[in-house]
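A quick write-up on the structure given underneath.
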Amino acid sequence: NTNADNTIIDKINWLASDVYSVGDEFITNVFAGTSVSEFITKFHDYEGKVTVNPDDAAIIKTGMTVSHSVSGEQLTVVVCGDIDKNGEVSVNDIIKLSSHINGSSKLKVEDAEFAAADFDSNGKVTIVDLVNIRKYIMGE
85 NTNADNTIID
95 KINWLASDVY
105 SVGDEFITNV
115 FAGTSVSEFI
125 TKFHDYEGKV
135 TVNPDDAAII
145 KTGMTVSHSV
155 SGEQLTVVVC
165 GDIDKNGEVS
175 VNDIIKLSSH
185 INGSSKLKVE
195 DAEFAAADFD
205 SNGKVTIVDL
215 VNIRKYIMGE
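As numbered in our numbering, residues 85 to 224 make up the sequence shown, in order.
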């Protein structure tokens, strides 16, 4: 975008946070067990402007959407390791990840579930992510 002087105008990212990573499609670096109320307060200038859908949830889950009322910006939340989109990291997530790794059920690269499975955020889903999720579950 450019203005009348032909100077470049950067896109304003209304959903800015010092805690979460905000990309073009996803909000990442969110951890299991984060309450909706705590999550919202981590965005700059959030009061009355940031909403989470569905709005009746107690905790943040992979696949939820976050909207900014002024800009209309809407992004999808990715909770680290929450592949099954229940807001927790458990054996069920390891099973889904194992199925992806062994080829019996593939996660789509463009989906939030893939981003949740990419525990080390390197753009790939590998056995290293499976080990890291297992360690996370075990508290290691």
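We treat Cβ as the ideally placed atom computed from N, Cα and C, and that holds for glycine.
Kindly give me the distance between the Cβ atoms of residue i and residue j, rounded to whole angstroms, as I take these residues to be in contact under 8 Å.
i	j	result
Ser119	Ile143	6 Å
Ile217	Leu181	6 Å
Asp213	Ala201	6 Å
Beta-carbon within less than 6 Å of residue i's beta-carbon, same chain only, minus the 5 sequence neighbours each way: which residues are those?
i	result
Ser105	Thr112 and Asn113
Ala100	His128
Ala196	Thr146, Gly147, Thr160 and Val162
Excluding sequence positions up to five away, which residues of its chain have a Cβ less than 8 Å from the Cβ of residue i?
i	result
Thr210	Ile185
Thr91	Bear in mind that the predicted position of Thr91 carries a pLDDT of just 41, short of 50, making it unreliable; the figure below should be weighed with that in mind. For Thr91, where only same-chain residues beyond five positions count, there are no Cβ hits under 8 Å.
So, at 7 Å on beta carbons, what are the nonlocal neighbours of residue i in its own chain, with the 5 sequence-adjacent residues on each side left out?
i	result
Tyr130	Ile124
Should residue i and residue j be called a contact, given that it needs their Cβ atoms to be closer than 8 Å?
i	j	result
Ala116	Gly165	yes
Ser151	Asn137	yes
Unbroken stretches of the alpha helix (DSSP H), 4 residues or longer, contained in the stretch 94-153: 120-125
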